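Asker: Protein chains in written order, with the working numbering: chain A, 1 to 102; chain X, 1 to 168; chain Y, 1 to 673; chain P, 1 to 510.
Cβ atoms here follow ideal geometry from the backbone N, Cα and C, with glycine treated the same way.
Fair warning: this is a prediction, and the values are worked out from it, not measured in the lab.
Quick one: the structure is below, and I'll ask about it shortly.
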Amino acid sequence: MSPLHLCLALSAALFCTGLVAVLIRGNAILVLLGVELMLNAANLNFLAFWRFGPGGGEAGLVFVLFSIAVAAAEAAVGMALVIAVHRHLRSIRIADANRLKG
Amino acid sequence: MTTLLAVLALICLAPAVAAVLVRNLIHSALLFVLAWLGLAAFYLALGAEFVAFAQALVYVGGVSMVALFAVLLTRPGRTDLLPPPSAARAVGGLAAVSLVASMLASSLFWSRLPSMEPTAPIPLRRLGELLAGPYLVAVLLVGLILTVALIGGLLLAAPRRPAEGADA
Amino acid sequence: MLHASHLWLIPALPLLAAAVGAAAPRTARRLPVALALGAIIGSFLLSLAALAGALAAPAAKLTANFTWFWAGSTAVRLGWLLDPLGALMSVLVCGVSVLVFIFSTAYLRDDPRLGRFFTCLSLFVAAMLGLLVANSLLLLLVCWELVGLASYLLIGFWFERPAAAAAAKKAFITTRLGDLGFLLGLLWLFHATGSSLFYDGGAGVLEGGALERLAATTLPGGWTAATGIGLLLFAGAVGKSGQFPLHVWLPDAMEGPTPVSALIHAATMVAAGVFLVARVFPLMAADQGLGGVPVHALTAVAVIGSVTALLGALLAVAQTDIKRVLAYSTVSQLGYMMLAVGVGAWEAAVFHLITHACFKALLFLGSGSVIHAAHHEQDARRLGGLATRMRFTYVTFLLGTGALIGLPLVFSGFWSKEAVLHAAELWPVSHLPFLAGLAGVVLTAFYMTRLVSETFLGRARGDGAAHAHESPRAMTLSLAVLAVASVAAGWIGTPAWPWLQSQLTGAPVAAHGLGEGLGLMILSTVLVGAGIAAGGWMYAHSPRADDRAPDPLARRFPGVFAALVARLWIDEFYAATVGRLLRGAAALAAWLERWVWGGLVSLTGRVAETTGEVNRAIDEDGLNTGFDRASDGLRDAAQRYSRAQTGEVQGYLRAVVVGLAVLALLLVWGGIR
Amino acid sequence: MTAASLLTALVAVPWLGALLLATGGALPARAVRALAALASLSTLVFGALLLARFDPAVPGLFVETRVPWIRSLGIDYHLGLDGMGLLFVLLTGVLGPLALATTLRRAAKVRAAAAWFLLLQGSALGVFVALDFFPWFICWELSLVPAFFLIRGWGGANGGAAAYRFVVFTLAGSAGLLLAFAALYAATGTMNFADLAQLRATGELAGKLGGLGTLAPALAFLGVLVGLGVKAPLFPFHSWMPATYAEAPVGVSMFLTGVMSKMGVYGFFRILWPIFPAELRAHAAPLLVLALAGVLLGALAALRSGSLRRMLAYSSLNHVSYCLLALFAVAGAGRADGVAVESALAGALIQAFNHGLSAAALFFVAGVLEHRSGGTSDLDRFGGVRAAAPRFALLAGVALFSSLGLPGLNGFVGEFLIFRGVFALQPLVAALATVALLVTAIFLLGFWQRVFHGPRSGAVTGTFADLDAAEWRVLGPLVFLMILLGVAPQLLAGLVNPLATAWAATLTLP
């Protein structure tokens with residue numbers, strides 16, 4: 001197994017873990033953290049292809065930096081939202097925030 | 001190198017899986033922090049030092065703190081744990097797993113990607129020039145986003161009225 | 001002398017009066033009446049001036065044409081025409097109108113809408129005069145329709161009475177049926193010649209070149225364009241002039257006030273059809289002499305005319321309402337005029353039109369005088385004995401009757417009818433119209449004798465008749481003038497001195513002296529005498545005892561009489577055929593609307609329904625049942641789908657992931673690398 | 001003012017008025033009405049200014065402005081007016097304020113109603129002046145939104161259902177339009193009407209469109225046809241109409257039938273014919289049958305309608321179908337008979353204008369009757385209105401006779417010209433269509449007889465007021481125009497004659 005394949009496999013596994021967290025955890029905070037994990041998996045792909053790709057891929061590296069920055073912003077806003085929702089509903093169970101019903 | 005990476009991968013994956021599965025919320029959050037730390041190490045091994053430190057700083061230092069504060073502030077208690085299993089959730093989980101399985105399969109077994117030699121790591125100076133040069137606008141935009149996110153987070157999380165804030 | 005370019009003044013005066021009257025306060029009485037009277041007198045004087053101008057050069061067609069508007073790069077032109085026909089008719093219309101107006105001031109004195117009445121009358125006169133001096137078939141059509149409108153308004157003047165409202169509608173619709181033919185004829189003429197002007201310095205449709213072209217244009221089946229156009233225009237005349245088979249509206253139109261009946265349903269408007277045919281006579285006659293034409297236009301006119309002359313006279317025999325008797329008599333006399341045009345003697349038709357206008361106006365006003373005096377009793381069975389109570393009306397009515405039935409030598413009707421019958425006798429195609437005309441003469445004498453006997457002789461059989469008094473001065477004055485005209489109007493066209501015919505045709509007509517037509521005159525005198533004798537024997541000899549006594553004719557010929565009373569079931573026939581056809585078509589249209597077009601929509605909706613497993617039946621009574629069903633189906637389907645919209649983010653995400661997974665698996669197992 | 005700013009202001013001022021009303025806070029009702037009236041009347045003023053610039057010697061656009069708008073897509077801000085556009089702008093200018101006044105008269109939530117209405121009016125104007133598909137389509141679709149809310153919010157008891165039906169139908173039609181123009185754009189790279197017509201004239205369009213697939217030209221034609229046909233409406237796309245006209249508030253019904261249906265007719269002349277002349281010619285026969293069916297079935301269905309506004313709706317179908325009848329007859333005949341073609345085309349446009357006047361007036365009459373009777377539209381519930389309200393009866397009578405085509409009133413001229421043209425091109429069709437004239441007379445006079453004549457009965461037995469001053473202000477101008485345009489049709493014909501002549505010479509195929 002080459003390093004690239006290893007990176008891709010790890011990325012896929014992390015993505016899956018994050019996805020499962022998003023899908024089955026009822027707590028909004030954990031869902032957000034799962035999303036972060038999925039973002040990380042994506043970052044890992046960028047890095048892998050930067051490192052083992054056909055070259056000229058320094059954009060991948062730079063992009064990861066931006067991605068991390070945006071993820072930080074997202075986490076901040078997300079957590080703020082969780083708190084706001086909690087104030088509103090007295091709960092952070094995702095199932096209770098079902099106003100999207102059609 | 002592969003071996004090192006493989007070990008680091010396990011170090012990173014194991015707490016992640018555990019974080020999804022453990023019932024205690026605080027534990028779960030802490031396990032996520034561990035996973036991020038492992039990932040930072042993985043980055044380091046890949047030769048992306050700057051990214052690795054950024055990862056450690058932002059996630060381990062920032063996001064985890066925010067998450068923990070959120071956990072504490074919302075006081076979910078010990079009852080808010082894994083929801084009872086349901087058919088829908090099983091389907092979701094199964095789908096996620098099969099999605100990843102297919103990704104794995106495609107990347108590992110059918111992929112014709114040649115295993116390239118690693119390119120030379122980028123010196124920090126070069127990275128700085130990149131960020132200050134061609135990507136300057138993007139950097140500024142990200143700064144703007146962060147500022148907006150900060151303000152937005154404050155506005156969202158701040159109590160509507162000071163009186164209400166007392167018990168929130 | 002009035003120049004052609006000033007002819008528009010003749011209709012403009014009454015039109016102005018009508019406009020001012022319409023704008024005046026509704027309670028105004030004096031102003032509209034005064035305006036209407038002033039305008040009609042002004043028009044009368046102008047008509048006289050026009051007549052003087054026309055008679056100065058009878059053969060010249062003096063025109064004043066102008067462009068109404070442009071359609072694309074083609075001008076739509078109208079014009080005024082000064083010739084003896086139009087000018088004479090104008091004088092006639094204005095003259096009768098003046099008398100009827102004067103009569104009306106007294107007849108409708110107590111009506112709260114007197115001003116409105118005169119406004120409508122002015123509108124009518126304006127339209128009629130415009131029709132007479134129009135030099136364009138299009139302008140003629142415009143005025144023609146306005147005449148129809150005025151007639152509609154006047155028949156339905158007492159619109160609170162459902163019968164009057166229904167009669168007005170019936171008149172408008174029936175005449176409009178004929179007008180469709182008129183319109184099509186006009187369109188065809190426009191298409192074929194590019195003009196609608198009668199006379200336009202050689203380029204008009206009634207002038208040589210256009211007529212030759214029309215007669216030379218042949219259609220499949222041997223028809224020429226001239227025949228087709230002529231027949232279509234004649235259809236308009238059939239409607240307006242109450243010819244069979246569209247005569248049904250005219251008797252019903254008697255629901256209008258009696259002066260209206262006198263003016264427009266006897267003297268002028270109904271004559272518009274005859275006038276039209278006389279006006280376009282060159283066109284109607286353009287196919288004469290051509291071989292291979294299945295039906296010459298004029299032949300059709302003659303046939304319709306003779307049928308109408310006979311039918312009207314027959315139906316008049318059994319009527320009991322004075323005005324209805326006179327109405328059917330009008331139908332019959334109009335038939336005579338058409339007959340005359342059909343056999344080629346349009347000047348005889350116009351002659352009869354003029355005399356008929358005088359005596360029929362007299363008779364109607366006389367009947368109006370009776371009705372007024374008898375407190376709106378117009379059933380002859382409940383009148384009687386008025387000869388002594390209303391001596392003046394009686395005498396004038398007798399004079400009018402004499403003119404109508406054609407008492408020899410003195411009365412106008414005799415001469416004009418003689419001219420018509422003379423022409424019919426000489427018609428080479430068939431003798432049937434002539435024979436029908438002769439039969440009509442007997443019948444006319446008979447039913448008029450019956451009417452006079454029932455109304456004026458014997459003793460009063462009802463309260464109205466018992467308390468009748470002679471009518472006021474304004475009414476009797478009109479009667480007197482018209483009585484003089486009824487007697488004297490015939491003297492302008494006797495065989496010995498055919499002045500009228502010469503003026504109309506623009507060429508001197510040879511006086512054939514009394515000798516040539518003597519046989520016919522004697523014959524018709526005998527026939528009139530026979531009719532009077534039969535009528536007098538049955539009605540005057542032994543007047544009915546009371547209003548319930550059966551009609552003498554009914555005792556002798558009950559079957560025939562019943563058929564005539566029922567007007568030969570022609571109205572019922574229309575109701576059963578045309579009416580039912582139309583109602584059926586409308587029902588079909590509504591059905592199509594509801595089920596087919598709605599159904600198509602519903603079919604589309606069914607697809608949505610099945611996907612959503614929706615089978616709720618919806619009943620909405622409306623044209624769009626189908627559509628409602630479709631939209632409800634859509635909505636239910638959407639509701640069913642919306643159950644999936646739990647509002648839970650994770651549920652949505654799960655769906656996304658399942659989809660992604662399926663996609664990914666497909667891709668992977670499909671071997672896309 | 002420059003031409004460009006005139007055109008822009010024409011559309012923008014009503015929109016601006018709508019915006020002001022929508023955002024302007026709580027104005028007193030009088031101020032709302034005054035502002036709305038001003039914004040609505042601006043159309044008439046701008047229309048008059050444009051009329052002053054109209055040059056009968058120029059058959060094409062006499063005012064035009066074209067600046068690039070979205071360069072990457074090749075979309076221009078292209079506005080312009082020719083005689084036809086001006087005709088419809090003037091119609092909107094006349095009917096807009098009257099319909100607005102009618103809508104606001106007894107409306108609740110005056111400010112919202114006025115804002116919606118002004119949005120509707122501006123959008124209709126946009127349709128009449130835009131010459132690029134992009135702005136044109138924006139206005140075309142935008143007009144649906146206010147119409148929907150006006151029908152739903154201020155309409156009758158079933159207003160909601162009618163509004164949905166209306167929107168769904170017209171949206172379905174618009175989808176066809178959009179797809180067709182997407183295809184045109186994909187093939188040619190432009191959505192400009194003039195450019196497309198030019199491409200069509202040089203013969204390039206067929207090849208380019210054919211490049212998308214053999215069926216592409218036919219499908220594009222069909223899309224445009226359906227999109228316009230629903231709006232006009234062309235039989236059988238009219239199913240939305242009776243319910244909509246019956247349920248919409250009276251003022252909106254006036255505007256819908258007077259102006260919005262003309263948007264469809266306008267589109268037929270502005271878009272369908274210049275861009276798809278060959279297709280139109282090829283399918284003229286079936287289309288002619290559809291138009292004839294609209295003429296006849298509209299009249300017959302009106303005969304059966306027991307409800308006043310449904311009857312008027314079907315009558316509207318009948319009258320609008322005359323315009324399309326003329327167009328299809330011309331398109332099918334080619335350059336056969338120049339006089340007939342010009343006559344039919346001029347007649348169709350004049351008829352469109354005149355129908356706008358008379359139909360709006362009749363809907364207003366229906367509205368007055370409904371208001372006086374407490375909301376019923378059932379013909380059997382009236383009787384003897386003429387005795388109760390003679391002035392009203394007089395004006396209503398003029399509108400009625402105008403609608404049934406009495407000569408001397410405006411309705412006659414257009415119908416006569418159409419018949420004159422169609423008779424020369426398709427005699428049988430014209431002859432069949434005249435039957436509808438008779439049926440129209442029957443149902444209109446039947447309506448008149450039941451409602452206005454006879455003894456006072458039903459809803460008319462109590463107090464039944466004659467027209468008040470506000471109603472006079474609506475019906476009076478309409479009736480005045482009916483008489484004026486009936487006597488002097490040149491006022492209208494002058495606007496459309498240059499176009500009719502030019503079209504007859506260029507657009508019909510040999």
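Between which residues of its own chain and Val-565/Y is the CB-CB distance below 6 Å, once the five residues before and five after are set aside?
Answerer: Position 565 of the third sequence, counted from the start, is the residue given in the question as residue 565/Y. Within the same chain, Val-565/Y has close Cβ partners Ala-318.
Asker: Just checking my contact of Leu-457/Y with Ile-102/Y at CB under 8 Å: how many whole Å lie between their CB atoms?
Answerer: Numbered from its first residue, the third sequence carries residue 457/Y at position 457. Numbered from its first residue, the third sequence carries residue 102/Y at position 102. The Cβ separation is near 29 Å, so there is no contact.
Asker: Taking C-beta to C-beta, are Leu-362/Y and Ser-261/Y nearer than 8 Å?
Answerer: If you number the third sequence from 1, residue 362/Y lands on position 362. If you number the third sequence from 1, residue 261/Y lands on position 261. Going by C-beta atoms, Leu-362/Y is not nearer than 8 Å to Ser-261/Y.
Asker: At which residues does the alpha helix (DSSP H) containing Leu-296/Y begin and terminate?
Answerer: The sequence position of residue 296/Y within the third sequence is 296, counting from 1. Here residue 296/Y turns out to be His, not Leu, going by the sequence shown. Unbroken run through His-296/Y: none, as it is neither H nor E.
Asker: Smallest Cα separation from Ala-18/X: which of Leu-8/X, Leu-30/X and Leu-44/X?
Answerer: Residue mapping note: residue 18/X aligns to position 18 of the second sequence, counting from 1. Of Leu-8/X, Leu-30/X and Leu-44/X, the residue nearest in Cα terms is Leu-30/X.
Asker: Chain Y beta carbons: is any one of them nearer than 8 Å to that of Val-77/A?
Answerer: Sequence index remark: in the first sequence, residue 77/A carries index 77 (1-based). Chain Y, which has no Cβ nearer than 8 Å to the Cβ of Val-77/A, makes this no.
Asker: Excluding the 5 residues flanking Ile-26/X on each side, which residues of the same chain have their C-beta closer than 7 Å to its C-beta?
Answerer: Residue mapping note: residue 26/X aligns to position 26 of the second sequence, counting from 1. So the list reads Val-71, once near-sequence residues are dropped.
Asker: Would DSSP call Leu-204/Y helix, strand or coil?
Answerer: On the third sequence, residue 204/Y is found 204 positions in, with the first residue counted as 1. The sequence given here has Gly at residue 204/Y, not Leu. It is coil, neither helix nor strand.
Asker: Let me see if you follow: with CB-CB separation under 8 Å, is Gly-102/A close to chain X or not?
Answerer: As a first step, residue 102/A must be located in the first sequence, where it is residue number 102. Confidence at Gly-102/A is low in this model, with a pLDDT of 45, below 50, so its placement is unreliable and the value that follows should be read with caution. Among the residues facing chain X, Gly-102/A is not included, as its CB has no counterpart in that chain under 8 Å away.
Asker: For the beta strand (DSSP E) containing Trp-70/Y, list its first residue and its last residue.
Answerer: Working through the third sequence from its first residue, we reach residue 70/Y at position 70. Element bounds for Trp-70/Y: 62 to 71.
Asker: Note down the Cα distance separating Pro-428/Y from Leu-51/Y, rounded to an integer number of angstroms.
Answerer: Numbered from its first residue, the third sequence carries residue 428/Y at position 428. Numbered from its first residue, the third sequence carries residue 51/Y at position 51. The alpha-carbon atoms of Pro-428/Y and Leu-51/Y are separated by roughly 34 Å.
Asker: Provide the residue(s) that pair with Leu-78/Y in DSSP beta bridges, ordered along the chain.
Answerer: Position 78 of the third sequence holds residue 78/Y. Looking at the DSSP assignment, Leu-78/Y forms a beta bridge with Phe-66/Y.
Asker: Bridge partners of Glu-64/P, per DSSP?
Answerer: Within the fourth sequence, the letter at position 64 stands for residue 64/P. Bridge partners of Glu-64/P: Gly-80/P.
Asker: Could you tell me the alpha carbon to alpha carbon distance between Ala-399/P and Ser-358/P, rounded to whole angstroms?
Answerer: Here residue 399/P corresponds to residue number 399 of the fourth sequence, with the count starting at 1. Here residue 358/P corresponds to residue number 358 of the fourth sequence, with the count starting at 1. Roughly 6 Å between the two C-alpha positions.
Asker: For the stretch 348 to 361 of chain P, which residues have a CB atom closer than 7 Å to at least one CB atom of chain Y, in sequence order?
Answerer: none
Asker: Would you list the residues sitting across from Ala-134/Y in a DSSP beta bridge?
Answerer: As a working note, residue 134/Y is residue 134 in the third sequence. Per DSSP, Trp-80/Y.
Asker: Do Ala-489/Y and Gly-400/Y have their C-beta atoms closer together than 8 Å?
Answerer: Walking along the third sequence from the start, residue 489/Y turns up at place 489. Walking along the third sequence from the start, residue 400/Y turns up at place 400. Not closer than 8 Å, so no.
Asker: Taking only beta-carbon atoms, is Trp-427/Y less than 8 Å away from chain P?
Answerer: Your numbering for residue 427/Y matches position 427 in the third sequence. By this cut-off, Trp-427/Y is not an interface position.
Asker: Go ahead and label Trp-569/Y buried or exposed: buried means 16 or more other beta carbons lie within 10 angstroms of its beta carbon, across all protein chains shown.
Answerer: As a working mapping, residue 569/Y is identified with position 569 in the third sequence. Classification for Trp-569/Y: exposed.
Asker: How is Asn-192/P classed by DSSP in three states: helix, strand or coil?
Answerer: Position 192 of the fourth sequence, counting from 1, holds the residue named residue 192/P. Reduced to three states, the DSSP call for Asn-192/P is strand.
Asker: Just grab the DSSP bridge partners of Ala-130/P for me.
Answerer: Numbered from 1 along the fourth sequence, position 130 holds the residue referred to as residue 130/P. Ala-130/P is bridged to Leu-79/P.
Asker: Strictly below 8 Å CB to CB, what residues from chain Y border Met-103/X?
Answerer: For the purposes of this step, residue 103/X is identified with residue 103 of the second sequence, where counting begins at 1. Correct list: Ala-664.
Asker: Determine, for Ile-92/A, whether the minimum Cβ-Cβ distance to residues of chain Y falls below 8 Å.
Answerer: Position 92 of the first sequence, counted from the start, is the residue given in the question as residue 92/A. Chain Y contact via Cβ: absent.
Asker: Any beta carbon of chain Y sitting closer than 8 Å to that of His-453/P?
Answerer: In the fourth sequence, counting from the first residue as 1, residue 453/P sits at position 453. Yes, its Cβ sits closer than 8 Å to a Cβ of chain Y.
Asker: Excluding sequence positions up to five away, which residues of its chain have a Cβ less than 6 Å from the Cβ of Val-226/P?
Answerer: Translated into positions along the fourth sequence, residue 226/P becomes position 226. Within the same chain, Val-226/P has close Cβ partners Gly-173 and Gly-176.
Asker: Taking the C-alpha atoms as reference points, what is the distance between Asn-158/P and Gly-383/P?
Answerer: Locating residue 158/P in the fourth sequence gives position 158, where the first residue counts as 1. Locating residue 383/P in the fourth sequence gives position 383, where the first residue counts as 1. If you take the alpha carbons of Asn-158/P and Gly-383/P, they lie about 26 Å apart.
Asker: Under 8 Å: do the stretch 264 to 274 of chain Y and the stretch 346 to 361 of chain Y share three or more Cβ pairs, one atom per stretch?
Answerer: Segments in contact, yes.
Asker: Quick check on the DSSP output: the alpha helix (DSSP H) that includes Ser-239/P runs from which residue to which?
Answerer: Residue numbering aside, residue 239/P sits at position 239 when the fourth sequence is read from its first letter. Counting along the chain, Ser-239/P falls outside any alpha helix (DSSP H), and DSSP gives it neither H nor E.
Asker: In the structure shown, what three-state DSSP assignment does Ile-70/P receive?
Answerer: In the fourth sequence, the residue the question calls residue 70/P occupies position 70. Strand, per DSSP.
Asker: What would DSSP say about Leu-660/Y, mapped onto helix, strand or coil?
Answerer: Against the third sequence, residue 660/Y aligns to sequence position 660. In the three-state reduction of the DSSP assignment, Leu-660/Y falls in the helix class, which pools H, G and I.
Asker: For Asn-27/A, which three-state DSSP category applies?
Answerer: As a first step, residue 27/A is located in the first sequence; it is residue number 27 there, counting from the start. Correct three-state label for Asn-27/A: strand.
Asker: Looking at C-alpha atoms only, which residue of Ser-97/Y, Leu-15/Y, Ala-64/Y and Gly-86/Y is the closest neighbour of Phe-44/Y?
Answerer: Position 44 of the third sequence, counting from 1, holds the residue named residue 44/Y. Phe-44/Y has its Cα closest to that of Ser-97/Y, out of Ser-97/Y, Leu-15/Y, Ala-64/Y and Gly-86/Y.
Asker: Give me the subset of the stretch 2 to 18 of chain X whose CB atoms are less than 7 Å from a CB atom of chain Y, sorted by chain position.
Answerer: Within the stretch 2 to 18 of chain X, no residue has a Cβ that lies closer than 7 Å to any Cβ of chain Y.
Asker: Count the other CB atoms within 10 Å of the CB of Thr-2/X; is the residue buried (16 or more) or exposed (fewer)?
Answerer: Locating residue 2/X in the second sequence gives position 2, counting from the first residue. Around the CB of Thr-2/X, fewer than 16 other CB atoms lie within 10 Å, so the residue is classed as exposed.
Asker: Given that Trp-188/Y touches chain P, what residues does it touch there, using C-beta distances under 8 Å?
Answerer: In the third sequence, residue 188/Y corresponds to position 188, counting from 1. Correct list: Phe-423 and Pro-427.
Asker: Using 8 Å as the threshold, is the C-beta distance between Gly-335/Y and Thr-308/Y below it?
Answerer: For the purposes of this step, residue 335/Y is identified with residue 335 of the third sequence, where counting begins at 1. For the purposes of this step, residue 308/Y is identified with residue 308 of the third sequence, where counting begins at 1. Taking 8 Å as the Cβ cut-off, Gly-335/Y and Thr-308/Y qualify as a contacting pair.
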